[in-house]
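Encoded as structure tokens, the structure appears first; notes follow it.
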Amino acid sequence: MRRLLLRVFYVVALPIVLVAVWWAASDGSTNPFWPPLRTILKTFPDVWTGERLRADVLPSLWRLAAGYALAAVAGIAIGTVVGSYRRVRAVCEPVLEFLRAIPPPVLVPVIMLFAGIGDTMRIVVIASGCVWPVLLNTVEGVRAVDPVMLETARSYGITGMARLRDLVLRSASPQIFAGLRQALSIGIILMVISEMFAAGDGIGFTIVQFQRSFAIPDMWTGILVLGLLGFLLSAAFRLVERRVLAWYHGLRASTRRSP
Amino acid sequence: MRGLSTALGAAGLAVFLALGEAVPRLGVVKKAYFPPTSRIASALWDELRDGAFWSALGDTLTGWAIGLAIAVGAGVVVGVLVSVVPYLREATASTIEFLRPIPSVALIPLAVLLYGTQLKSVLLLVVYASFWQVLIQTLYGVQDVDPVAEETARSYGLGAWARVRHVLWPTALPYVMRGVRLAAAVALILAITAELVIGAPGLGQRIAVAQSSQAVPDVYALIVVAGLLGLIVNVGARTVERRALAWHQSVRGKVAV
Chain A
2 MRRLLLRVFY
12 VVALPIVLVA
22 VWWAASDGST
32 NPFWPPLRTI
42 LKTFPDVWTG
52 ERLRADVLPS
62 LWRLAAGYAL
72 AAVAGIAIGT
82 VVGSYRRVRA
92 VCEPVLEFLR
102 AIPPPVLVPV
112 IMLFAGIGDT
122 MRIVVIASGC
132 VWPVLLNTVE
142 GVRAVDPVML
152 ETARSYGITG
162 MARLRDLVLR
172 SASPQIFAGL
182 RQALSIGIIL
192 MVISEMFAAG
202 DGIGFTIVQF
212 QRSFAIPDMW
222 TGILVLGLLG
232 FLLSAAFRLV
242 ERRVLAWYHG
252 LRASTRRSP
Chain B
3 MRGLSTALGA
13 AGLAVFLALG
23 EAVPRLGVVK
33 KAYFPPTSRI
43 ASALWDELRD
53 GAFWSALGDT
63 LTGWAIGLAI
73 AVGAGVVVGV
83 LVSVVPYLRE
93 ATASTIEFLR
103 PIPSVALIPL
113 AVLLYGTQLK
123 SVLLLVVYAS
133 FWQVLIQTLY
143 GVQDVDPVAE
153 ETARSYGLGA
163 WARVRHVLWP
173 TALPYVMRGV
183 RLAAAVALIL
193 AITAELVIGA
203 PGLGQRIAVA
213 QSSQAVPDVY
223 ALIVVAGLLG
233 LIVNVGARTV
243 ERRALAWHQS
253 VRGKVAV
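Protein sequence lines correspond, in order, to chains A and B. According to our numbering, the first sequence is numbered sequentially starting from 2. According to our numbering, the second sequence is numbered sequentially starting from 3.
As structure tokens, this is what we get:
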């Protein structure tokens, strides 16, 4: 019981102190860019009503989900092919290295040419940025499959889909998840950027709108919402990862303990 | 074997460039949207002869380098402090876990209001994004310190500073270098993004200008430059990492094999 209390104390103590410091330092602030925290929190429920959540947050999330899913499927599929054949990898590696090195947001102007400024553009932008970490990590993961296991699978006659599902993808999955995690934070960035570029709806668009109309407390609430969103998405990702990779974490814990 | 894979890589690159030339010429996509490789190359050549391009490149690199230096310095110092001072690690864990996933682009409106299109608004984004990479890796690294080595140092009467210098730092260095490598890539992305969206001077702003004046080949040429820059940063960071860790077994092992 005392242990639990101590842990709770550790988790909440510093955040409470920080929020209190922010509250106290900004209280009575007359600087228009740093409104008091009290004002920000007061405007929060007025700005982020159910209507706004439906009209701006949901479209953003749906585009993020669509682009991310697209990138995950394409990245894992292409990565598995490239990783499985040494020749293919040698041919593709320089090109992939170059494409990965392009900072994803600079693709926004180009993709706007092809796809206009609608939802398609934003989804393609998100997908084109997220695909590289997934692809390259899949290549690395597939390449590093234990050769003894590969030969064992061959001598047991395991081929085709079963080999892919139970051996190759499974043993590459820790790497793939590392890629998916990087891709998630890139995806959030691109979601916001693509909305800042072209008018319409979405969280990024709303925040820029507030900033241009000098509705500073409203803009601050937008920043808070984005922060919360980033935090919640990464927490959800960690939950999924822990479930899917439970076998891997267990394996690592046991090998670390044994020697 | 090495020669073969280099040749295959070069062939892959050649095919890539040839496809870029052939696809728009055959009319698969509109030439106005996707200019052929030769057209992009000539636009790139024009850029390279333009003095404004070089000063934009310089601006981008300045923002990147200063931001990265601040982030690395702050990340390492905070990381070591947090793990060395008792109870600080436990007390800060939840705050770090909360602040880290906040996308740095959320700060764009704030940067615009506070600093406009100055270098400072680029720095704000770059430092915020890359600081966490270094901090997290430093924390991992310090956690990895061998307790036996730590206790040995203690029983030999090494002071706090000497222990940080001789036990903690060598253990954490591989992690720190990994953090620096990740941060270097992230910092470049954020520097160019900030220029693109906010309009601070640099390559990103040049892309935005080229786009709004419909100079499509120039947009592509500048994207190629951004990609090459990213490639140089990646390769350079990996080289620095390998040099700084030449003594470490993870790198020595690679050479022996």
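The beta-carbon is built from N, C-alpha and C at its ideal position, and this holds for glycine as well.
Item	Value
What residue range does the alpha helix (DSSP H) around A/LYS1 cover?	Any question about residue 1 of chain A goes unanswered here, given that chain A covers just 2 to 260.
Counting only runs of 4+ residues fully inside the segment 126 to 181 of chain A, write out the alpha helix (DSSP H) ranges in chain order.	148 to 156 and 161 to 164
In three-state terms, what does DSSP make of B/ASN236?	helix
For the alpha helix (DSSP H) containing B/ASP48, list its first residue and its last residue.	39 to 50
Identify each residue in the segment 78 to 94 of chain A for which the Cβ-Cβ distance to at least one residue of chain B is less than 7 angstroms, and report them in chain order.	ARG88, ALA91, VAL92, CYS93 and GLU94
Which residues in the same chain as B/VAL257 place their Cβ atom closer than 7 angstroms to its Cβ, once the five residues preceding and following it in sequence are excluded?	Unreliable positioning characterises B/VAL257 in this predicted model, as indicated by a pLDDT of 49, which lies under 50. A coordinate reading is not provided.
I'd like to know whether the C-beta of A/TYR11 is nearer than 8 angstroms to at least one C-beta of chain B.	yes
Which residues in the same chain as B/GLY77 place their Cβ atom closer than 7 angstroms to its Cβ, once the five residues preceding and following it in sequence are excluded?	PHE133, VAL136, LEU137, THR140 and GLY181
Taking A/ALA145 as the reference, which of A/THR160, A/TRP35 and A/ALA173 has the closest Cα?	A/ALA173
Is it right to say A/ARG213 is buried, meaning 16 or more other beta carbons lie within 10 angstroms of its own, or is it exposed?	exposed
Quick one: which chain A residues come within Cβ less than 8 angstroms of B/SER96?	TYR11, VAL12, VAL13, LEU15 and PRO16
Could you tell me the distance, in whole angstroms, from the CA atom of A/ILE41 to the CA atom of A/ARG8?	30 angstroms
With a cut-off of 8 angstroms, does the C-beta of B/ALA248 fall near any C-beta of chain A?	no
Work out the CA separation of B/GLY159 and A/PRO46 for me, nearest whole Å.	58 angstroms
Which of the three DSSP states is assigned to A/MET2 in this structure?	coil
From this set, A/PHE232, A/GLY251 and A/LEU240, which residue's C-alpha is nearest B/PHE100's C-alpha?	A/PHE232
Give the single residue among B/GLN213, B/LEU205, B/LEU50 and B/VAL221 whose Cα lies nearest to the Cα of B/TRP66.	B/LEU205
Is the segment 179 to 193 of chain B close to the segment 82 to 99 of chain B, with three or more CB pairs under 8 angstroms?	no
Using a Cβ-Cβ cut-off of 6 angstroms (strictly less than) and excluding sequence neighbours within five positions of A/SER129, which residues of its own chain qualify?	LEU108
Give the single residue among A/ASP202, A/ALA184, A/MET2 and A/GLY201 whose Cα lies nearest to the Cα of B/PRO103.	A/ALA184
Taking CB distances under 8 angstroms as the criterion, tell me whether A/ALA26 reaches chain B.	no
Step through the CB atoms of chain B and report whether any lies within less than 8 angstroms of the CB of A/VAL111.	yes
Are the Cβ atoms of B/ALA174 and B/LEU70 separated by less than 8 angstroms?	no
Please state if the CB of A/ILE177 and the CB of A/ILE77 are separated by a distance shorter than 8 angstroms.	yes
Just the Cα atoms here: how many angstroms apart are A/LEU38 and A/TRP23?	7 angstroms
Would you say A/PRO104 lies against chain B (beta-carbon separation less than 8 angstroms)?	yes
Going along chain A in order, which residues have a C-beta closer than 7 angstroms to the C-beta of B/VAL221?	PRO110 and VAL111
Using beta-carbon positions only, say whether A/ALA21 and A/ASP202 come within less than 8 angstroms of one another.	no
Please state the DSSP three-state secondary structure of A/ALA216.	coil
Check each residue of the segment 130 to 146 of chain A: if its Cβ is closer than 9 angstroms to any Cβ of chain B, include it; give the result in chain order.	none
Return yes when the Cβ of B/MET179 is within less than 8 angstroms of the Cβ of B/ALA246, no when it is not.	yes
Let me confirm a value: B/GLY60 is counted as buried when at least 16 other C-beta atoms fall within 10 Å, else exposed. Which label applies?	exposed
Report back the beta-carbon spacing between A/THR50 and A/PRO218 to the nearest angstrom; my notes put them in contact at under 8 angstroms.	In fact, because the Cβ distance is near 15 angstroms, the residues do not count as touching under 8 angstroms.
Give, in chain order, every unbroken run of the beta strand (DSSP E) that is at least 3 residues long and sits entirely within the segment 54 to 108 of chain A.	none
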